[in-house]
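>
There are 2 protein chains.
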Amino acid sequence: MTPADASAIAEETLARLERAWNAGDGTAFGVAFADDADFVDIRGGRHRGRDAVAAGHQALFDTLYAGSTVRYQLETARMITPGSLVAIAGAALDTPAGPAAGISHARLTAVLTPDDEAWSVAVFHNTRVASDA
Amino acid sequence: MTPADASAIAEETLARLERAWNAGDGTAFGVAFADDADFVDIRGGRHRGRDAVAAGHQALFDTLYAGSTVRYQLETARMITPGSLVAIAGAALDTPAGPAAGISHARLTAVLTPDDEAWSVAVFHNTRVASDA
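Protein sequences, first through last, are from chains X and R. Mapped onto the working numbering, the consecutive letters of the first sequence carry residue numbers 75 to 207. Mapped onto the working numbering, the consecutive letters of the second sequence carry residue numbers 75 to 207.
Given below as C-alpha cells:
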C-alpha cells in the first residue's frame with residue numbers, strides 16, 4: 075500500500091465519522107467501528123465495542139453536543155504493520171449552545187484494520203488540545 | 075499468541091516505561107519506542123520519533139515532573155492483527171512539588187509492534203482522566 079492509499083483510507087473513515095457526527099447520528103458514527111473496538115474519550119473514559127461507541131455518542135448528540143459540528147483534519151496516515159493503519163488527526167468541534175458552547179480542539183489517534191471488505195476503527199483515543207498549547 | 079502472552083508483553087513494556095520515568099531518565103523512556111513512533115501527550119501535543127519522545131520526557135523530568143513517580147495499571151492487551159498489540163492502561167502520577175504537585179490520573183493507549191527481537195511502542199496516546207469521571 076502506498077502512503078497515498080493509506081491517506082485515502084484514513085480520509086474516507088474520517089469523512090464517515092464527520093458526516094455521522096454532523097447529522098447527530100450515533101448509530102452511523104458507531105458503524106465505522108469494529109465490533110470489539112476500544113475507545114478512550116477526551117475525559118479519559120473507556121468505551122468498549124461498536125454498540126457502546128454508538129450509544130455514548132448518541133447521548134452526547136442529544137445533550138451536551140446537540141447541534142454541534144465537527145471537522146477533522148488528517149495529519150498522518152501510515153501502515154505500522156500489514157493490516158494496521160494508524161491515523162492521527164485534529165478535530166475542531168463547534169457547539170452552538172450549552173455548557174460546551176464554542177469551538178474546542180482535540181487530537182485523535184485511530185487504528186484501522188481490515189474488516190471484511192472495508193476498514194474499521196479498531197482503536198480510537200482522543201485528547202483535548204490545551205488552550206495554550 | 076495467547077491473551078496471556080499479549081498481557082505479558084504489554085506488562086513488560088509498561089514496566090520499562092515505569093522504571094525509566096521513576097529514574098527520571100528520558101533516554102531510557104525513549105528506548106521503548108520505535109524510531110518513528112507517534113506520540114500524543116495529555117495536552118494534545120504531538121511528538122514524532124524516539125528521540126523526540128526521549129527529549130520531551132527528559133525536559134519534563136527536569137522541571138514540571140521532577141521527582142515524580144508513575145504507576146501503570148494494565149487494563150487490556152490484545153492483538154488487533156498479527157504483529158499489532160494494543161495495550162490500554164491507567165497511569166497514576168505522583169508529583170512531589172511545583173505546579174503539578176499531587177496525584178493525577180491518565181489513561182493511555184499504546185500500539186506495540188515487533189522490532190527485531192523485542193516489541194516497541196509504535197503509537198502512544200495519553201489522556202488525563204477528568205477529576206469527576
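All C-beta atoms, glycine included, are put in the ideal place defined by N, C-alpha and C. All figures in this text were calculated on a predicted structure; none of them were measured in a lab.
For a test of the three-state rule: what should DSSP assign to Ala196/X, helix, strand or coil?
Here Ala196/X sits in strand by DSSP.
> Contact criterion: CB-CB distance below 8 Å. Does Gly172/R meet it with respect to chain X?
For Gly172/R, the answer is no, since every Cβ of chain X falls outside 8 Å of its Cβ.
> In angstroms, rounded to a whole number, what distance separates the CA positions of Ser194/R and Ser178/R?
Approximately 26 Å between the Cα atoms of the pair.
> Taking CB distances under 8 Å as the criterion, tell me whether Ser178/X reaches chain R.
It does not: the Cβ of Ser178/X has no partner Cβ on chain R nearer than 8 Å.
> Among Ala151/R, Arg117/R, Ala108/R, which residue has its Cα nearest to the Cα of Ala204/X?
Here the closest residue by C-alpha is Arg117/R.
> Among Asp168/R, Pro156/R, Leu182/R, which has the Cα closest to the Cα of Thr76/R?
The candidate whose alpha carbon is nearest that of Thr76/R is Pro156/R.
> Among Glu85/X, Gly100/X, Thr183/X, which one has its Cα closest to the Cα of Gly57/X?
As displayed, chain X neither begins before 75 nor continues past 207, which places residue 57/X out of reach and without an answer.
> Tell me which residues share the same chain as Thr187/R and place their Cβ nearer than 8 Å to its Cβ, disregarding the 5 neighbours each side in the sequence.
For Thr187/R, where only same-chain residues beyond five positions count, the Cβ hits under 8 Å are Ala108, Gly157, Ser158, Leu159, Trp193, Ser194, Ala196.
> Give every residue of the same chain whose Cβ lies closer than 7 Å to the Cβ of Glu149/R, excluding the five residues on either side of it in the sequence, and list them in chain order.
The answer, listed in chain order, is Ile162, Ala163, Gly164.
> According to DSSP, Asp112/X sits in a beta bridge with which residue or residues?
Asp112/X is bridged to Arg122/X, Val197/X.
> Quick test of your reading: Arg181/X and Val114/R, contact by CB under 8 Å. State the CB separation rounded to the nearest angstrom.
5 Å between Cβ atoms; contact.
> Following the continuous beta strand (DSSP E) through Asp168/X, name the residue where it begins and the one where it ends.
Its beta strand (DSSP E) spans residues 158-169.
> CB-CB under 6 Å to Ala151/X, same chain, minus the five flanking residues each way: which ones, in chain order?
So the list reads Ala80, Ser81, Ala84, Ala161, once near-sequence residues are dropped.
> Closer than 6 Å by C-beta to His199/R: which residues in its own chain qualify, once you throw out the five before and the five after it? Chain order, please.
These residues qualify, in order along the chain: Val114, Thr183.
> Whole-angstrom Cβ separation of Ala106/X and Leu91/X, contact assumed at under 8 Å?
Going by Cβ atoms, the distance from Ala106/X to Leu91/X rounds to 6 Å, so yes, they are a contact pair.
> Out of Ala97/X, Gly176/X, Asp190/X, Arg124/X, which one is the CA nearest neighbour of Asp136/X?
Cα-wise, what sits closest to Asp136/X is Ala97/X.
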